[in-house]
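With UniProt numbering, the residue at position 836 of the sequence shown is 836, and numbering never jumps.
Read through the structure below, which is laid out as structure tokens, and then see the notes.
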Amino acid sequence: MDTSVLPIIILLPLVLGTTLVSWLKKFSRGVTAFGAIGISLSCLILLLSQANAVFNGGVIYQSWSWLPQLGLDFSFRLDALGLLFSLLISGIGTLIFIYAYYYLSPKNSLSKLYVLLMLFMAAMLGISLSNNLILMLVFWELTSISSFLLVGYWNNYEAAQRGSRMALTITGMGGLCMLGGFVLLHQITGTYEIDQIIGMSSMIQEHALFVPVLLLILMGAFTKSAQFPFHFWLPNAMAAPTPVSAYLHSATMVKAGIFLLARLLPIFAGAALYHNIVTFIGLFTLCMAAFFAIFKEDLKGLLAYSTISHLGLIVCLLGIGSPLAVAAAIFHIINHATFKAALFMIAGIIDHESGTRDLRKLSGLWQLLPFTATLTMITAASMAGVPLTNGFLSKEMFFTELLANLSGPVMIGSAIVATCAGIFAVAYSIRLVHGVFFDGPIGKNVPNKNAHEPAFGMRAPAALLAVLCILVGILPSLLIEKIVNSTARASTQNFAFEGAHLAIWHGFNLPLLMSAAALFGGIIFYFALAKGGRIREIDLDPALGKLQGKILFELFLKHLLLSSRKFKRVTENGSLQSYLIWIVLFSISMVCLPLFSQGIMTGTRELTHAPAIAIVLWLLLFTACWMMLWFHHERIKAVLISGAVGLVVTMVFVCFSAPDLALTQITVDVVTTVLLLMSLSLLPQLTPYESSVSRRWRDALIAIAGGAGIAWISWLILTRDHNSISWFFNQQSIPLGGGTNVVNVILVDFRGFDTFGEITVLGIAAIGTLCLMDGMRAHGTTMTQGLTFRFNPSPLMFRITASWILPLALVISLYIFLRGHNLPGGGFIAGLITTLALVIQYIALGQDYTEKLLRAKSGRLYEVWIGSGLTIAGLTGIGAWFFGRPFLTSAHFYVSPPIIGEMHLATAALFDVGVYITVVGAAMLMISVLGDSRHSSMSGPVPRG
1 MDTSVLPIII
11 LLPLVLGTTL
21 VSWLKKFSRG
31 VTAFGAIGIS
41 LSCLILLLSQ
51 ANAVFNGGVI
61 YQSWSWLPQL
71 GLDFSFRLDA
81 LGLLFSLLIS
91 GIGTLIFIYA
101 YYYLSPKNSL
111 SKLYVLLMLF
121 MAAMLGISLS
131 NNLILMLVFW
141 ELTSISSFLL
151 VGYWNNYEAA
161 QRGSRMALTI
171 TGMGGLCMLG
181 GFVLLHQITG
191 TYEIDQIIGM
201 SSMIQEHALF
211 VPVLLLILMG
221 AFTKSAQFPF
231 HFWLPNAMAA
241 PTPVSAYLHS
251 ATMVKAGIFL
261 LARLLPIFAG
271 AALYHNIVTF
281 IGLFTLCMAA
291 FFAIFKEDLK
301 GLLAYSTISH
311 LGLIVCLLGI
321 GSPLAVAAAI
331 FHIINHATFK
341 AALFMIAGII
351 DHESGTRDLR
361 KLSGLWQLLP
371 FTATLTMITA
381 ASMAGVPLTN
391 GFLSKEMFFT
401 ELLANLSGPV
411 MIGSAIVATC
421 AGIFAVAYSI
431 RLVHGVFFDG
441 PIGKNVPNKN
451 AHEPAFGMRA
461 PAALLAVLCI
471 LVGILPSLLI
481 EKIVNSTARA
491 STQNFAFEGA
501 HLAIWHGFNL
511 PLLMSAAALF
521 GGIIFYFALA
531 KGGRIREIDL
541 DPALGKLQGK
551 ILFELFLKHL
561 LLSSRKFKRV
571 TENGSLQSYL
581 IWIVLFSISM
591 VCLPLFSQGI
601 MTGTRELTHA
611 PAIAIVLWLL
621 LFTACWMMLW
631 FHHERIKAVL
641 ISGAVGLVVT
651 MVFVCFSAPD
661 LALTQITVDV
671 VTTVLLLMSL
681 SLLPQLTPYE
691 SSVSRRWRDA
701 LIAIAGGAGI
711 AWISWLILTR
721 DHNSISWFFN
731 QQSIPLGGGT
741 NVVNVILVDF
751 RGFDTFGEIT
761 VLGIAAIGTL
771 CLMDGMRAHG
781 TTMTQGLTFR
791 FNPSPLMFRI
801 TASWILPLAL
811 VISLYIFLRG
821 HNLPGGGFIA
831 GLITTLALVI
841 QYIALGQDYT
851 EKLLRAKSGR
861 LYEVWIGSGL
871 TIAGLTGIGA
881 WFFGRPFLTS
891 AHFYVSPPII
901 GEMHLATAAL
911 FDVGVYITVV
921 GAAMLMISVL
931 GDSRHSSMSG
941 PVPRG
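Here is the structure:
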């Protein structure tokens with residue numbers, strides 16, 4: 001079996017599909033639709049190519065190592081369960097793409113809808129094919145984001161925006177809970193690989209963390225699949241375009257929670273808490289949502305509540321958990337996908353042709369839409385569970401398993417609830433058909449009384465699904481039985497399961513009686529309600545009052561917002577002193593807490609006398625800090641003194657034989673001093689005296705307590721023996737990293753991922769400075785108290801000297817860079833040296849002339865440098881994947897070029913190049929922005945002199 005097909009199936013819509021559709025939009029709507037349909041159909045064909053092997057019990061695996069130490073891998077798995085869901089996603093998706101072409105008007109962006117649907121399809125395929133819980137979570141959250149964008153497709157429609165936010169909030173909250181469950185599951189099993197976790201069910205259920213694992217994962221499943229009490233977000237997402245609703249409800253988003261329960265069923269099956277919670281929640285949701293669906297006036301609202309009800313039926317079966325119950329759940333997943341996708345498409349046709357989907361305005365459309373009415377009757381009959389449809393078979397299986405697996409009063413009560421739910425299902429299905437197509441002549445309030453059947457392409461997808469509802473209902477054993485049983489075995493991991501026998505007739509029995517009661521009871525119940533048009537006048541919302549999920553959710557958000565504002569007013573009072581107090585106190589307490597359990601007295605390590613140089617440096621540091629305290633109101637002096645503190649720290653590093661840190665400290669110190677001096681040009685020279693005498697004493701006490709606390713913590717740590725991992729880096733620096741400079745090897749190899757994150761943050765900070773400083777240029781300030789800091793051309797002697805410094809500094813930078821892997825140096829230090837050389841050019845030649853020489857117009861060159869550096873560093877890390885190694889794994893080797901002789905090279909040097917370019921670009925962008933005078937938006941004349 002071809003294992004490479006799994007990532008291709010996901011990447012087709014995720015990368016190729018979104019890119020292709022965005023490019024094809026410049027041709028025509030038809031070409032765009034053809035491209036989207038082609039991508040979806042390609043996924044379906046690739047999946048079908050594996051169907052024979054997988055439905056016969058085969059499983060396809062594919063995995064790439066990512067962070068194996070943390071158990072994070074790009075791991076995929078295709079078994080019968082994953083294949084069934086993937087076929088529904090791609091198959092229904094293909095029909096939706098066809099339907100959307102005819103549904104969406106030319107004034108709406110078809111390519112935008114297709115791109116978002118492609119993203120959503122890829123996310124759902126990723127969930128179905130993932131074999132790693134964290135990878136599944138990534139795709140899970142991608143479905144939340146893409147559904148948020150899909151529901152809010154019409155961004156000028158307030159209801160769509162409100163519904164999309166509600167859906168994202170509820171499902172995002174569930175996803176966060178699910179993440180907690182996955183992490184705890186990893187704590188129990190030591191792995192995130194699903195196939196390995198499934199084999200540890202006994203150990204998981206016996207563990208003390210099993211209950212929180214179960215509850216957290218169920219939160220994720222229930223919120224995604226709209227189970228009570230989280231059901232209310234789904235009807236409020238009906239503001240989305242109908243193709244979106246059809247896709248989300250039939251085969252994708254709301255089925256993600258169902259898939260999660262089916263995938264993790266082996267680790268929960270047998271636990272009484274799981275069976276009780278899931279069965280009860282599913283049964284209650286089934287009946288509750290079916291009852292509410294009857295009274296919904298919006299056609300899509302009725303279908304939304306019916307979706308919630310049918311999802312409850314599936315959840316209830318998965319809660320029962322027996323192999324036959326799981327087979328019934330799988331069968332109903334397939335059936336629900338067929339009739340619900342068709343019904344939503346039909347709802348779109350009705351809305352598209354008549355101009356409304358309000359059931360209070362619709363009636364008598366049989367005369368205008370006979371073909372659509374026929375399709376509605378077939379699919380609604382399947383939804384109601386009428387004999388000779390697929391819905392009847394799975395509903396009867398549900399009744400059978402409910403009676404077979406429950407006993408006593410629980411069984412009787414569950415049977416009554418299930419029968420009532422069946423009655424309600426028949427009632428809302430009849431209302432859908434009778435209220436729209438019959439129930440008198442064409443309604444007076446129908447906007448378009450000349451409606452007609454839509455184009456064949458718009459009807460064809462719904463017609464195909466309606467035919468499947470009948471064919472599967474008549475020939476279930478021939479068409480679907482093997483798929484259902486194979487999927488049930490994969491879900492339960494019970495490969496000895498003989499399978500369910502799907503047939504139209506199982507004899508006279510209690511489930512058949514329940515089906516008959518539901519069918520005839522539903523007919524009587526509906527027409528009793530509809531007599532005299534009373535059903536159109538019934539509104540449950542006033543009766544429910546504030547107990548409605550939507551209102552409770554909005555009240556919760558309102559109180560949360562009010563509480564957060566009160567908290568914000570207390571904590572964010574605009575006082576820097578207050579912020580620093582909380583930061584210092586919190587930091588000290590967090591550091592001290594672990595030490596209390598070990599005692600707060602001096603440790604047992606033998607003490608040594610402080611050398612004379614340490615005392616001298618301590619006195620210098622004390623003097624500099626005291627001067628900082630004394631002169632902190634004078635900003636220029638404060639910056640210069642802080643630079644002096646940095647120089648003393650540099651000397652400390654030298655004394656402790658840490659040349660890498662010393663080089664980094666001194667270069668960073670100089671660059672930051674320059675940046676601070678430039679920033680001061682936007683501020684008054686003096687800091688106002690804001691504190692009262694009492695506040696000064698308070699601040700002094702907190703400062704002394706903070707300093708004493710840090711000093712005491714340092715003392716406690718230094719006087720205690722501890723285990724260090726430095727031996728590992730010393731031993732493995734050459735064998736694994738290929739360098740003798742342990743510090744540099746750690747930065748670019750052992751912990752290269754951290755360094756990559758740090759340079760990314762540095763680039764973000766520089767871009768942030770560019771955005772924040774827009775309109776606040778240093779030279780454009782008219783503050784009378786401000787310090788004018790200008791890069792005017794300097795005297796001739798200084799310019800001549802600077803012209804010699806730049807090439808010399810670049811040579812030194814190159815030298816520092818090349819020696820970094822074996823001696824003190826590296827890309828970060830070399831980048832700062834280059835930055836200092838360029839700053840000197842700014843000062844000597846003036847900013848305008850220097851940037852003209854560098855062709856760095858408005859700092860754009862530096863933005864390119866930042867992007868290029870990050871790209872080089874990232875590509876270096878990705879390159880390791882092509883050799884089957886984890887991200888950023890370094891390789892080292894020897895080369896012997898002519899004249900130079902043997903050289904020792906490492907791929908980490910390429911990563912260091914990225915660091916070098918990013919550091920230079922980020923530092924120079926900030927300096928360029930702070931010194932730019934050409935785009936000042938300040939009013940008044942620019943000061944000269």
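Just so it is clear, CB atoms sit at the ideal spot from N, CA and C, and this is done for glycine as well.
- When C-alpha distances from L471 are compared across I423, L142, P441 and T379, the shortest belongs to T379.
- Note: R263 is not bridge-paired with any residue in the DSSP secondary-structure output.
- Judged by DSSP secondary structure, W64 falls within the beta strand (DSSP E) whose first and last residues are I60 to L67.
- In the three-state DSSP reduction, Y428 falls in the helix class (H, G or I).
- In the structure shown, the three-state DSSP call for L683 is coil.
- In the structure shown, the three-state DSSP call for R605 is coil.
- The DSSP assignment places no complete run of the beta strand (DSSP E) inside the segment 237-297 (cut-off: 3 residues).
- Pairing F339 with C469 gives a Cβ-Cβ distance under 7 angstroms.
- In this chain, F893 is not harboured by any alpha helix (DSSP H); it is covered by the beta strand (DSSP E) spanning H892 to V895.
- Counting along the chain, D73 sits inside the beta strand (DSSP E) bounded by residues L72 to L78.
- Of the residues I134, G603, K449 and W140, the one whose Cα lies closest to the Cα of P68 is I134.
- In this structure, F120 keeps its C-beta atom at 7 angstroms or more from the C-beta atom of I37.
- Residue environment for M797: exposed (fewer than 16 other C-beta atoms within 10 angstroms of its C-beta).
- The C-alpha of G646 is placed about 21 angstroms away from the C-alpha of A922.
- Less than 7 angstroms separates the beta-carbon of L324 from that of E401.
- Three or more Cβ pairs drawn from the segment 910-930 and the segment 813-832 lie within less than 8 angstroms of each other, which places the two stretches in contact.
- Secondary structure of L317 (DSSP, three-state): helix.
- Exclusion of the five residues before and after F525 leaves I423 and A427 as the residues of its chain whose Cβ lies within less than 6 angstroms of its Cβ.
- With contacts defined as CB atoms closer than 7 angstroms, L125 and I170 fail to qualify as a contacting pair.
- Between P511 and F331, the C-beta gap is not smaller than 7 angstroms, which leaves the two residues out of contact.
- Within the same chain, L184, Q187 and I188 come within 7 angstroms of L209 by CB-CB distance, once the 5 residues on both sides are set aside.
- Note that the segment 362-369 touches the segment 343-353; at least 3 beta-carbon pairs, one per stretch, sit closer than 8 angstroms.
- Counting of Cβ neighbours within 10 angstroms places Q196 among the exposed residues, the total staying below 16.
- Taken in chain order, the complete alpha helix (DSSP H) segments of 4 or more residues contained in the UniProt domain "MrpA C-terminal/MbhD" (621-685) are 635-655 and 659-679.
- V151: member of the alpha helix (DSSP H) spanning L133 to V151, first to last residue.
- Nearest Cα to A518 within the set L562, I416 and I551: I416.
- A residue is called buried when at least 16 other Cβ atoms come within 10 angstroms of its Cβ; H632 does not meet this threshold and is exposed.
- Look at A830 here: in three-state DSSP terms it is helix.
- Spatial neighbours of I480 in its own chain (CB-CB distance under 6 angstroms, excluding positions within 5 residues in sequence) are listed in chain order as V472.
- D358 is bridged by DSSP to D298.
- Around L81, the same chain offers A262, R263, T487, A490 and S491 as residues with beta carbons nearer than 7 angstroms, after the five sequence neighbours per side are excluded.
- Counted as a single uninterrupted DSSP element, the alpha helix (DSSP H) harbouring Y526 occupies residues L510 to A530.
- Straight-line measurement puts the Cα of V745 at about 11 angstroms from the Cα of P824.
- Comparing alpha-carbon positions, the option among G768, L110, S250 and T32 lying closest to K300 turns out to be S250.
- The continuous alpha helix (DSSP H) containing S42 extends over residues R29 to S49.
- An exposed status is given to A612, since fewer than 16 other beta-carbon atoms sit within 10 Å of its beta-carbon.
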